[in-house]
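Read through the structure below, which is laid out as structure tokens, and then see the notes.
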Amino acid sequence: MGLYSYMCRCCNQSIRGNEKCVLIHRRHGEELGRAIGSYNGYGGVLENNAFCSRKALLPDGQLNSNSHNEISESEDREDAYSNDLRVLSDGTVLSMMDFSVALNTARFILRCQESLDDMSALVTKVLTDEPAAGTAFVKEMSVLPSHDVKKRWKSLPVPEIPFSGIVAFHEKCFRKLSEEEVAKMPPSERDPEQGCGKPRKKHL
0 MGLYSYMCRC CNQSIRGNEK CVLIHRRHGE ELGRAIGSYN GYGGVLENNA
50 FCSRKALLPD GQLNSNSHNE ISESEDREDA YSNDLRVLSD GTVLSMMDFS
100 VALNTARFIL RCQESLDDMS ALVTKVLTDE PAAGTAFVKE MSVLPSHDVK
150 KRWKSLPVPE IPFSGIVAFH EKCFRKLSEE EVAKMPPSER DPEQGCGKPR
200 KKHL
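Numbering (numbering that gives the first Met the number 0), first residue to last: 0 to 203.
So, in structure tokens, the structure goes:
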């Protein structure tokens, strides 16, 4: 498993190795556990051997609900914030991955319609397999360049649902927030730099 990290939900800066942080594990909006300490570069902190560890059981024999496998399960669920869910204008909720499949399907239909006379049977079958491809938004996006599609996708509203994932903060940022404010914040984005870089003094 390689290095990875998160963006601080408060200041939107990366959490680098050894920086003081707070990591909160949520599943469907419910907090399953949190860890406070120096980030270890692998989803946990140096001061907590259980959080994001490979051990499925705690020393007392209880299930470790914050093990690496449990956190991975939260981040792989349909309601995981990392799925980049958005609400389309017709109310359809799609992940970025599902949207990409639907978009490619819509483009395929568009190309076929331009080259063949009778496409009704094929179109019906494809839309049955991938109904999202028939939404007005996907049809609209199917004729746009890729960079415009990504920009348009990011502008869509995020669904108001209880998400699963890790809500990460620099400890210094976290101390400025109330528990009520923390509870309203969705999980964090992954850090594209994977937590690399020299730790900053203000977060040590």
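Positions of the beta carbon are idealized from the N, C-alpha and C atoms, including for glycine.
Treat the numbers as computed from the prediction; the structure is a model and nothing was measured.
At a Cβ-Cβ threshold of 8 Å, V92 and P161 do not count as neighbours. Here C10 is not bridged, per DSSP, to any residue. Taking 8 Å as the cut-off, the Cβ atoms of C51 and H169 do not count as close.
Between N82 and S71, the alpha-carbon positions lie close to 13 Å from each other. For N82, the three-state secondary structure derived from DSSP is helix. For R33, there is no enclosing alpha helix (DSSP H); the enclosing beta strand (DSSP E) has its first and last residue at E29 to S37. Counted as a single uninterrupted DSSP element, the beta strand (DSSP E) harbouring F168 occupies residues G164 to H169.
Within the DSSP bridge table, the entry for V142 names no partner.
The straight-line gap separating the alpha-carbon atoms of P185 and P156 is approximately 14 Å. Boundaries of the beta strand (DSSP E) harbouring I23: K19 to R26, taken from the DSSP string.
In this structure, W152 keeps its C-beta atom at 8 Å or more from the C-beta atom of R106. In this model, E46 and P144 are separated by some 48 Å (Cα to Cα). The criterion of a C-beta distance shorter than 8 Å is not satisfied by C7 and V44. E179: member of the alpha helix (DSSP H) spanning E178 to K183, first to last residue. Excluding its 5 nearest sequence neighbours in each direction, L102 has C-beta neighbours in its own chain below 8 Å: A132, V137, M140, S141 and V148, listed in chain order. Taking the CA atoms as reference points, S4 sits about 10 Å from S187.
A55 is not a Cβ neighbour of N48, given a cutoff of 8 Å. Scanning G1, V166, L176 and H202 for the CA closest to the CA of A34 turns up V166. DSSP places E159 outside any alpha helix (DSSP H), giving it a letter other than H or E. According to DSSP, N47 shares a beta bridge with V44.
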